[in-house]
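Colleague: So in this note's numbering, spot 6 of the sequence shown is number 262, and the numbers just go up one at a time. All C-beta atoms in this analysis are idealised placements derived from N, C-alpha and C, irrespective of residue type, glycine included. Pasting in a structure now, in structure tokens, and then I'll have a few things to ask.
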Amino acid sequence: MSVAKKEVKRITTHILLEMKKQGEKISMLTAYDFSMAKIIDDAGIDIILVGDSASNVMAGHETTLPITLDQMIYHAQSVVRGVSRALVVVDLPFGSYQANPEKALESSIRIMKESGGHAVKLEGGEEVKESVIRILASGIPVMGHLGLMPQSIYKYGTYSVRAKETDEAQKLISDAKLLESLGCFALVLEKIPAELASEVAKSVQIPIIGIGAGEGCDGQVLVSHDLLGITKDFHPRFLRRYADLYAVVKDAVSAYITDVKSGDFPNENERY
Ligand code: KIV
Numbered sequence: 257m258s259v260a261k262k263e264v265k266r267i268t269t270h271i272l273l274e275m276k277k278q279g280e281k282i283s284m285l286t287a288y289d290f291s292m293a294k295i296i297d298d299a300g301i302d303i304i305l306v307g308d309s310a311s312n313v314m315a316g317h318e319t320t321l322p323i324t325l326d327q328m329i330y331h332a333q334s335v336v337r338g339v340s341r342a343l344v345v346v347d348l349p350f351g352s353y354q355a356n357p358e359k360a361l362e363s364s365i366r367i368m369k370e371s372g373g374h375a376v377k378l379e380g381g382e383e384v385k386e387s388v389i390r391i392l393a394s395g396i397p398v399m400g401h402l403g404l405m406p407q408s409i410y411k412y413g414t415y416s417v418r419a420k421e422t423d424e425a426q427k428l429i430s431d432a433k434l435l436e437s438l439g440c441f442a443l444v445l446e447k448i449p450a451e452l453a454s455e456v457a458k459s460v461q462i463p464i465i466g467i468g469a470g471e472g473c474d475g476q477v478l479v480s481h482d483l484l485g486i487t488k489d490f491h492p493r494f495l496r497r498y499a500d501l502y503a504v505v506k507d508a509v510s511a512y513i514t515d516v517k518s519g520d521f522p523n524e525n526e527r528y
């Protein structure tokens, strides 16, 4: 029987480590609100990420930079109320941890206290070392995020594949090892060559969750709005769409409009 299915009431960071040891893949998706979190949790997902991608898919911003700590806490509170089994990880938004370790710790404590989330995620390696140490010392589990780091989009200038060159690949490997040695319980690797991600997954004991990082990772994460086809004009190669909810919702709303205009809705069974 799989590690995650064994009467697990709540997925913990320890269970995730055990899953990696047993070779059981880890499933992770984003959620930002109560209703979606409840469906995703009921389906049996292992990790729910309250991602700062909320800035894009919930608020309509071009980047993840504008979302605030208060807004992330609001999304995380809503998600936590809908989840009973998955581990809920909450992104530290841009500006809430980069300044110094004290600020990083304060932001993380606010997330844990005010939202009830179970862990935080932040972007970066060596650059955020002191912050990771400080957060972990307070007992808050930390997930790292390397490769394409959307909070640094204005430094990169593009969302294309990262770490294709040797220097960047070497730094990514040493950052992954560093984050593991500090005590991070897992890492997200975003949009890097599959071979590199696979090498990292083999060289650390903690789970590596990939997005656009190939099949050699210990688990996969996608933005739920992309997987469900709610976002219509986003077609990266790594994305597999499992539904076309854009069309489903649009057709349902069109049918409703038609019925209201024609007087077909409500009928005599749909009134008091
Ligand atoms: O914010 C987010 O959705 C993420 C995933 C892409 C991993 O960080």
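Let me check you understand the geometry: is the CB of E446 closer than 7 Å to at least one non-hydrogen atom of the ligand KIV?
Modeller: Here the question's residue 446 lines up with position 190 in the sequence shown. Within the cutoff, so yes.
Colleague: Return the Cβ separation of S340 and D289 in integer angstroms, given the expectation that the two are a contact with Cβ distance under 8 Å.
Modeller: Your numbering for residue 340 matches position 84 in the sequence shown. Your numbering for residue 289 matches position 33 in the sequence shown. So it is not a contact: roughly 16 Å between Cβ atoms.
Colleague: Could you give the residue range of the alpha helix (DSSP H) that holds S394?
Modeller: Within the sequence shown, the letter at position 138 stands for residue 394. Element bounds for S394: n/a, residue is neither H nor E.
Colleague: Check whether the Cβ atoms of I465 and M284 sit closer than 8 Å, and answer yes or no.
Modeller: Counting from 1 along the sequence shown, the entry for residue 465 is found at position 209. Counting from 1 along the sequence shown, the entry for residue 284 is found at position 28. In contact: I465 and M284 (Cβ atoms closer than 8 Å).
Colleague: One question on the structure: do V303 and A332 come within less than 8 Å of each other, judged by their Cβ atoms?
Modeller: What you label residue 303 is simply residue 47 of the sequence shown in a count that begins at 1. What you label residue 332 is simply residue 76 of the sequence shown in a count that begins at 1. In the sequence as presented, Val is not what sits at residue 303; that position holds Ile. Contact flag unset, no.
Colleague: For I342, which option in S430, I267, E424 and V477 has the closest C-alpha, if you only look at C-alpha atoms?
Modeller: Along the sequence shown, one-based indexing puts residue 342 at 86. One point to set straight first is that residue 342 is Ala, not Ile, in the sequence displayed. The option with the nearest alpha carbon to A342 is I267.
Colleague: Do L348 and K385 have their C-beta atoms within less than 8 Å of each other?
Modeller: Within the sequence shown, residue 348 is the residue found at index 92, counting from 1. Within the sequence shown, residue 385 is the residue found at index 129, counting from 1. Cβ distance not < 8 Å, so L348 and K385 don't count as in contact.
Colleague: So, at 6 Å on beta carbons, what are the nonlocal neighbours of S258 in its own chain, with the 5 sequence-adjacent residues on each side left out?
Modeller: What you label residue 258 is simply residue 2 of the sequence shown in a count that begins at 1. Taken in chain order, the residues that qualify are E280.
Colleague: Under the assumption that V345 contacts S371 (Cβ atoms under 8 Å), give the Cβ distance between them as a whole number of angstroms.
Modeller: Within the sequence shown, numbered from 1, the residue matching residue 345 stands at position 89. Within the sequence shown, numbered from 1, the residue matching residue 371 stands at position 115. Between S371 and V345 the Cβ distance is about 11 Å, and since that is not below 8 Å, they are no contact.
Colleague: Pick from L484, K265 and I271: whose alpha carbon is nearest that of A442?
Modeller: What you label residue 442 is simply residue 186 of the sequence shown in a count that begins at 1. The option with the nearest alpha carbon to A442 is I271.
Colleague: So is the beta-carbon of D347 under 7 Å away from any non-hydrogen atom of the ligand KIV?
Modeller: Residue 347 sits at position 91 when you count from the first residue of the sequence shown. Yes - the ligand KIV has a heavy atom lying nearer than 7 Å to the Cβ of D347.
Colleague: Quick test of your reading: L402 and L428, contact by CB under 8 Å. State the CB separation rounded to the nearest angstrom.
Modeller: Indexing the sequence shown from 1 puts residue 402 at position 146. Indexing the sequence shown from 1 puts residue 428 at position 172. Rounded, the Cβ-Cβ distance is 5 Å, consistent with contact.
Colleague: Ends of the beta strand (DSSP E) at A442?
Modeller: Position 186 of the sequence shown, counted from the first residue, corresponds to residue 442. Residues A442 to E446.
Colleague: Provide the residue span of the beta strand (DSSP E) that contains T514, from first to last.
Modeller: Against the sequence shown, residue 514 aligns to sequence position 258. Per DSSP, T514 belongs to no beta strand (DSSP E); it is in the alpha helix (DSSP H), L501 to S518.
Colleague: Do L404 and A425 count as a contact pair if the criterion is CB distance below 8 Å?
Modeller: Mapped onto the sequence shown, residue 425 falls at position 169. Mapped onto the sequence shown, residue 404 falls at position 148. The answer is no: Cβ separation not under 8 Å.
Colleague: Assuming M305 contacts T319 (C-beta within less than 8 Å), just tell me the rounded distance between them.
Modeller: The residue given as residue 305 occupies position 49 in the sequence shown. The residue given as residue 319 occupies position 63 in the sequence shown. It should be noted that the sequence gives Leu, not Met, for residue 305. Not confirmed; about 18 Å, so no contact.
Colleague: In the stretch 310–358, which residue ranges form an unbroken beta strand (DSSP E) of at least 3 residues, counting only runs that do not cross its ends?
Modeller: Listed in chain order, they are 343–347.
Colleague: To the nearest angstrom, report how far apart A419 and E526 are at their CA atoms.
Modeller: Translated into the one-based positions of the sequence shown, residue 419 becomes position 163. Translated into the one-based positions of the sequence shown, residue 526 becomes position 270. So the two alpha carbons sit approximately 58 Å from each other.
Colleague: With respect to the alpha helix (DSSP H) encompassing T422, which residues constitute its N-terminal and C-terminal limits?
Modeller: Your numbering for residue 422 matches position 166 in the sequence shown. Looking at the DSSP string, the run of the alpha helix (DSSP H) that includes T422 is T422 to L438.
Colleague: Once the 5 residues before and after E379 are set aside, which same chain residues still bring their CB inside 6 Å of it?
Modeller: Against the sequence shown, residue 379 aligns to sequence position 123. Excluding sequence neighbours, E379 sits near H401, M405 and Q407.
Colleague: What would DSSP say about L378, mapped onto helix, strand or coil?
Modeller: Taking the sequence shown and counting its residues from 1, one reaches residue 378 at position 122. DSSP places L378 in strand when its eight states are reduced to three.
Colleague: Helix, strand or coil: which one does DSSP assign to L484?
Modeller: Here residue 484 is taken as the residue at index 228 of the sequence shown, counted from 1. Residue state, collapsed to three classes: coil.
Colleague: To which residues of the same chain is G468 closer than 7 Å at the C-beta, ignoring the five residues directly before and after it?
Modeller: Within the sequence shown, residue 468 is the residue found at index 212, counting from 1. Only E446, K447, P492 and F494 meet the Cβ criterion.
Colleague: Rounded to the nearest angstrom, what separates D489 and V336 at their Cα positions?
Modeller: What you label residue 489 is simply residue 233 of the sequence shown in a count that begins at 1. What you label residue 336 is simply residue 80 of the sequence shown in a count that begins at 1. Computed Cα separation, rounded: 29 Å.
Colleague: Classify E524: buried if its beta carbon has 16 or more other beta carbons within 10 angstroms, exposed otherwise.
Modeller: In the sequence shown, residue 524 corresponds to position 268, counting from 1. Its Cβ having fewer than 16 others within 10 Å, E524 is exposed.
Colleague: Count the other C-beta atoms from every protein chain shown that fall within 10 angstroms of the C-beta of P463, then say buried if there are 16 or more, exposed otherwise.
Modeller: The count along the sequence shown starts at 1 and reaches residue 463 at position 207. It is buried - the Cβ of P463 has at least 16 other Cβ atoms within 10 Å.
Colleague: Rounding to the nearest angstrom, what Cα-Cα distance links A375 and K411 in this structure?
Modeller: On the sequence shown, position 119 is the one that residue 375 refers to. On the sequence shown, position 155 is the one that residue 411 refers to. Approximately 27 Å, taken between the alpha carbons.
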